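Start counting the sequence shown at 0; every next residue gets the next number (numbering that gives the first Met the number 0). Glycine included, C-beta positions come from ideal geometry on N, C-alpha and C. The model shown is predicted, which means the values in this text are computed figures rather than measured ones. Working notes, beginning with the structure itself.
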Amino acid sequence: MTDASSMSDSDLARRAIALLDLTDLSNGLDEAGVEKLCARAATPAGPVAAVCLWAGFVPQARRLLKGVPVKVATVVNFPAGDDDVMGAADEARYALLDGADEIDLVLPWRALAAGRREVVGALLGAVRASVPPTRTLKTILETGELKTPDLIREAARIAIGTGADFIKTSTGKTQTSATPEAVAIMLDEIAASGRRVGIKPSGGIRTLADARAYLDLADRRMGPDWATPDTFRFGASGLLDVLLTAAGGAA
């Protein structure tokens, strides 16, 4: 595969659409909004990877996407990243019973910053135990709040060590979301782990240039064939229209 830096805008956009978690985690989301979100998931340029929405809407999304090759993702321990171990595990379990394919879990980053690593490991481990291998667990590090490279690196290692299928930068609910610097650290930790773990840059990704920059980072560090829907996702609510325009499809 051609690496992202040398792809045409159209080819890059089509590649990115297939890697997109089309997201609506707004406080005003309602059933009509879910219907609209799911209708947009099957685009003229091909389907997105997943839709990501609040857990209460998982059953509706499951019905609307029946027969469509788009996963249903929801969030757990979101957005605060609390340290209620059993509460987070129960949230994940109920969402899976409702039909979620993927769980995006917020790591208790305040506990990590305070040096309470045992709490972090316990919560991530409990949720992993609730999510079977047939479903996908993405662990959100909240890198913009961890701030330092050392803490971001430690969060990535703990998440990978407790069985995350993906590590994700951000909830998109804080002042600083995804940054190339954080993603580079996370990719290095994935490479060092020897495990098949994906990455999800999330929050603040709004332009074709943003998408190209993050894909190029993955291509350069992991190889041009590495980033597929099984190993790379974009978490974004506003990126799809930009990608469709660049791909030559109706936005």
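Do residue j and residue i come within 8 Å of each other at the CB atom, strictly closer than that value?
i      : j      : result
Val57  : Asp2   : no
Leu36  : Leu18  : no
Ala40  : Val67  : yes
Pro228 : Met0   : no
Glu153 : Leu104 : no
Arg13  : Gly55  : no
Glu170 : Phe77  : The residue you asked about is not Glu; residue 170 is Thr in the sequence shown. Cβ distance < 8 Å, so Thr170 and Phe77 count as in contact.
Ala158 : Leu207 : no
Ala155 : Met185 : yes
For residue i, report the span of its alpha helix (DSSP H) as first-last.
i      : result
Glu34  : Glu30 to Ala40
Asp20  : Careful: Asp20 lies outside any alpha helix (DSSP H), inside the beta strand (DSSP E) at Leu19 to Asp23.
Gly160 : Pro148 to Gly160
Ala49  : From DSSP, Ala49 is part of no alpha helix (DSSP H) but of the beta strand (DSSP E) over Ala49 to Leu52.
Gly143 : Thr142 to Leu145
Ala190 : Pro179 to Ser192
Ala235 : No alpha helix (DSSP H) contains Ala235, which is instead part of the beta strand (DSSP E) from Phe233 to Ala235.
Report the residue from the options whose alpha carbon sits nearest the alpha carbon of residue i.
i      : options                           : result
Gly247 : Ser5, Ser4, Met0 and Leu11        : Leu11
Ile151 : Lys70, Thr178 and Ala48           : Thr178
Ser192 : Asp229, Ala163 and Gly234         : Ala163
Asp119 : Ala60, Asp215, Leu106 and Gly55   : A quick correction: the sequence has Val, not Asp, at residue 119. Cα-wise, what sits closest to Val119 is Leu106.
Arg205 : Asp215, Ala226, Ala235 and Thr22  : Ala235
Arg211 : Glu188, Asp82 and Val241          : Val241
Asp209 : Glu117, Thr230, Thr173 and Leu239 : Leu239
Ala113 : Ile198, Gly203 and Glu144         : Glu144
Val47  : Val130, Ala15, Met85 and Val84    : Ala15
Phe165 : Ala79, Pro43, Tyr213 and Arg194   : Arg194
Ile102 : Arg116, Pro132 and Gly203         : Pro132
Val84  : Lys172, Glu117, Asp23 and Gly203  : Glu117
Leu21  : Thr138, Thr42, Ser9 and Ala94     : Thr42
Ile139 : Asp8, Trp108, Thr175 and Asp23    : Trp108
Taking the continuous beta strand (DSSP E) assigned at residue i, which residues delimit it?
i      : result
Leu106 : That residue, Leu106, is in no beta strand (DSSP E); it is neither H nor E in DSSP.
Ala72  : Lys70 to Val75
Val67  : Taken as a continuous stretch (DSSP letters only), Val67 belongs to no beta strand (DSSP E), as it is neither H nor E.
Val119 : Where Val119 is concerned, there is no enclosing beta strand (DSSP E), although the alpha helix (DSSP H) it sits in stretches over Arg116 to Ser129.
Leu136 : Thr135 to Ile139
Gly86  : That residue, Gly86, is in no beta strand (DSSP E); its alpha helix (DSSP H) goes Val84 to Leu96.
By Cβ distance, which residues of its chain are closer than 6 Å to residue i, with the 5 residues on each side in sequence left out?
i      : result
Thr168 : Thr142, Ala177, Ala181, Pro200 and Ser201
Asp215 : Ala3 and Ser4
Asp218 : Asp2 and Ala3
Val196 : Ile159 and Ile189
Glu90  : Val75
Thr230 : Gly197
Gly237 : Arg205
Can you give me the Cβ contacts of residue i inside the same chain, cut-off strictly under 8 Å, excluding the 5 residues immediately before and after it?
i      : result
Ala87  : Val75, Asn76, Asp81, Leu104, Leu122, Ala125 and Val126
Asp100 : Ala49, Lys70, Val71, Ala72, Arg134 and Thr135
Glu30  : Phe56 and Gln59
Leu63  : Val33, Glu34, Cys37 and Ala38
Short of 7 Å in beta carbon distance, which residues of its chain neighbour residue i, apart from the five on each side in sequence? Order them along the chain.
i      : result
Thr161 : Gly120, Leu123, Gly124 and Arg127
Met221 : Leu186 and Ala190
Whole alpha helix (DSSP H) elements within the segment 197-222, 4-residue minimum: 207-221
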